[in-house]
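Residue numbers (this note's numbering): 11 to 219.
Ideal Cβ placement from N, Cα and C applies to all residues, glycine included.
Accompanying notes for the structure given below.
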């Protein structure tokens with residue numbers, strides 16, 4: 011992905027035109043932007059997936075040459091503005107895979123943003139400037155998944171592992187399979203017209219229209 015705030019004016023113009031023609035607009039972002047930028051594009055931004063890369067200033071300083079706190083503040087601001095929000099954490103062995111740090115991330119999402127905010131846990135593959143790191147073991151991703159569940163998150167997804175059962179959406183109350191996926195493809199949706207689980211009636215959060 012390319013960070014959309016780098017070409018913000020162009021992204022804004024495109025989003026405005028797309029909205030006029032009935033299309034939805036989604037940002038995939040590092041969350042490092044001003045609140046003025048959020049306010050400006052809010053009428054035309056229907057969802058955003060933000061990378062919460064770690065929960066330590068040291069990680070952001072050394073690997074990203076940035077700061078953690080502005081990202082956390084923007085996450086809360088985006089949620090308060092009513093923009094559909096999802097979080098992604100790319101788990102890098104030896105960098106941000108400590109269980110305590112993952113607990114901190116999950117607890118922040120649940121308490122500060124809400125349990126309905128999806129958390130995507132992505133597998134890392136060695137590339138570019140991090141060729142010295144191994145790919146993320148699946149057992150690490152599973153541990154992160156259960157850490158998120160213990161924190162109270164409703165929707166947790168394991169990414170970059172096509173075919174695993176945790177790329178699906180399950181009802182947070184009864185665990186009924188709501189959306190079956192394979193990679194980026196949706197195979198089946200089992201949802202009532204009032205956006206509730208057909209088995210137990212729990213409301214399934216999302217942007218459905």
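| Inter-residue spacing [alpha-carbon to alpha-carbon] between residue 146 and residue 135 | For this step, residue 146 is matched to residue 136 along the chain shown. For this step, residue 135 is matched to residue 125 along the chain shown. Residue 146 and residue 135 have their C-alpha atoms roughly 7 Å apart.
| query | So which of 95, 182 and 194 has the shortest CA-CA distance to residue 173? | reply | What you label residue 173 is simply residue 163 of the chain shown in a count that begins at 1. Closest option to residue 173, Cα to Cα, is 194.
| query | Looking only at its own chain, which residues have a Cβ that is under 8 Å from the Cβ of residue 197, when we skip the five neighbours before and after it? | reply | Along the chain shown, one-based indexing puts residue 197 at 187. Excluding sequence positions up to five before and after residue 197, its CB lies within less than 8 Å of the CB of 190 and 191, all in the same chain and listed in chain order.
| DSSP bridge partner residues for residue 130 (one or two, in chain order) | As a position in the chain shown, residue 130 is number 120, starting the count at 1. Note: residue 130 sits in a beta bridge opposite 98 and 167.
| Would you say residue 35 and residue 25 are within 7 Å of each other, going by their C-beta atoms? | Walking along the chain shown from the start, residue 35 turns up at place 25. Walking along the chain shown from the start, residue 25 turns up at place 15. A contact, by the Cβ cut-off of 7 Å.
| task | Check whether the stretch 136 to 144 touches the stretch 87 to 97, taking contact to mean three or more Cβ pairs, one atom from each stretch, closer than 8 Å. | result | no
| query | By Cβ distance below 7 Å, which residues in the same chain neighbour residue 109 in space, the five residues on each side in sequence not counted? | reply | On the chain shown, position 99 is the one that residue 109 refers to. Result list for residue 109: 153 and 157, in chain order.
| query | First and last residue of the beta strand (DSSP E) that includes residue 198? | reply | Here residue 198 refers to the residue found at position 188 of the chain shown. Its beta strand (DSSP E) spans residues 195 to 199.
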